[in-house]
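Engineer: In this note's numbering, the protein residues as written are 1107 to 1398.
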């Protein structure tokens, strides 16, 4: 285990020393927030006007909805940025040195994933604090202590699963150019996958079912249920339950499969299982890499 910790510590230090990498790992999140502040937020609030007549309640609804998506997006982009060290090691031949060393494959994978997880958790907690400050500054309410604890716990799970997924994908890259191209692609698509740019409920049924295969979609749904506990209740206070339920479906607060809502334990289980599967596939990937 000491070997795993040494690899993780090395990678974390390398990441935080490179301020450019740190900045670009936040770039997609900053772009989403910038788009929301400039015009996306007003668009969302206007779309809510017919059902939520109070503009303050509509703003609270929109702010919590977008910030929950931002936190999940950060879990993906920050872990991806932290894995640039994997590509650099491959390019410099350090990866080959690791492969011919007595290190077990699972130790090597776990070391990289642990460092990525640490980076993702640190940045995730920072984004959570900033998002809450933003919501309060805009006239919203601070998340409850119980939900805040659940959010931080969910960040731990999300980051771990996305770390394993990103490691598996990045392990195929041999150059920084390929890594940069993939990072740009992820940064472009992340707002759609997390339902920030387009609410999941307005997509065609086929696309909605495909999106359900993505762990980030489940992470965003759970995060929104926790973030929007107060804003959803406030927005539809005294209104029909059916209206709140329909809004939850359209805005990806709840996910449905064949007409049935997916429970939080089911979605967390899916995220955990896919994360474990990506870890196993990553170990297998390095085993084949050594033999080739």
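Backbone N, C-alpha and C define an ideal beta-carbon position, used for all residues, glycine too.
Compute the Euclidean distance between the alpha carbons of residue 1130 and residue 1347, then round it to the nearest angstrom.
Structural biologist: Rounded to the nearest angstrom, the two C-alpha atoms are 42 Å apart.
Engineer: Please say whether residue 1151 and residue 1161 have beta carbons closer to each other than 8 Å?
Structural biologist: In contact: residue 1161 and residue 1151 (Cβ atoms closer than 8 Å).
Engineer: For residue 1397, is the classification buried or exposed, using 16 other Cβ atoms within 10 angstroms of its Cβ as the cut-off for buried?
Structural biologist: A caution first: residue 1397 carries a pLDDT of 48, below 50, which makes its placement in the model unreliable, though a value can still be read off. Exposed is the call here.
Engineer: Just grab the DSSP bridge partners of residue 1366 for me.
Structural biologist: DSSP output for residue 1366 lists 1363 as bridge partner(s).
Engineer: Could you check the C-alpha separation between residue 1121 and residue 1191 for me, to the nearest Å?
Structural biologist: If you take the alpha carbons of residue 1121 and residue 1191, they lie about 7 Å apart.
Engineer: Pull up the distance between the alpha-carbon of residue 1156 and that of residue 1170, whole angstroms please.
Structural biologist: Rounded to whole angstroms, residue 1156 to residue 1170 spans 19 Å at the Cα level.
Engineer: What residue from 1328, 1231, 1164 has the CA that sits closest to residue 1340's CA?
Structural biologist: That would be 1164, whose Cα lies nearest to the Cα of residue 1340.
Engineer: Quick one, are the C-beta atoms of residue 1301 and residue 1265 less than 8 Å apart?
Structural biologist: Not closer than 8 Å, so no.
Engineer: For residue 1226 and residue 1289, I'd like the C-alpha separation in whole angstroms.
Structural biologist: When rounded, the distance between both Cα atoms is 15 Å.
Engineer: Below 8 Å on the Cβ atoms is my guess for residue 1307 versus residue 1133; work out the distance and round it to an integer in Å.
Structural biologist: With 8 Å as the limit, residue 1307 and residue 1133 do not qualify as a contact, their Cβ atoms being about 28 Å apart.
Engineer: How long is the line joining the alpha carbons of residue 1246 and residue 1268, rounded to whole angstroms?
Structural biologist: Whole-angstrom Cα-Cα distance: 30 Å.
Engineer: When the distance is taken between beta carbons, is residue 1110 closer than 8 Å to residue 1217?
Structural biologist: Yes, the pair counts as a contact, with Cβ atoms nearer than the cut-off.
Engineer: Below 8 Å on the Cβ atoms is my contact criterion, and I expect residue 1137 with residue 1176 to pass it. Report the Cβ-Cβ distance as a whole number of Å.
Structural biologist: With a Cβ gap of about 10 Å, residue 1137 and residue 1176 do not count as contacting.
Engineer: If you run the structure through DSSP and keep just helix, strand and coil, what is residue 1479?
Structural biologist: What is shown of the chain runs 1107 to 1398, which leaves residue 1479 out entirely.
Engineer: Taking only the alpha-carbon atoms, compute the straight-line gap between residue 1386 and residue 1349 and give it to the nearest angstrom.
Structural biologist: Each residue's alpha carbon lies about 43 Å from the other.
Engineer: Can you give me the start and stop residues for the alpha helix (DSSP H) that residue 1281 sits inside?
Structural biologist: Residue 1281 -> no alpha helix (DSSP H), and no H or E assigned at all.
Engineer: If you count every other CB in all the chains shown that lies within 10 Å of the CB of residue 1107, and 16 or more means buried, which is it?
Structural biologist: With fewer than 16 Cβ atoms within 10 Å of its Cβ, residue 1107 is classed as exposed.
Engineer: For residue 1276 and residue 1126, what's the separation of their Cα atoms in angstroms?
Structural biologist: Straight-line Cα distance between these residues: approximately 19 Å.
Engineer: Three-state secondary structure (DSSP) at residue 1213?
Structural biologist: Helix at residue 1213.
Engineer: Closer than 8 Å is the cut-off here; do at least three beta carbon pairs connect the segment 1359–1370 with the segment 1320–1332?
Structural biologist: Result yes; three or more Cβ-Cβ pairs closer than 8 Å.
Engineer: CA-CA distance, residue 1393 and residue 1215?
Structural biologist: Cα to Cα, residue 1393 sits roughly 11 Å from residue 1215.
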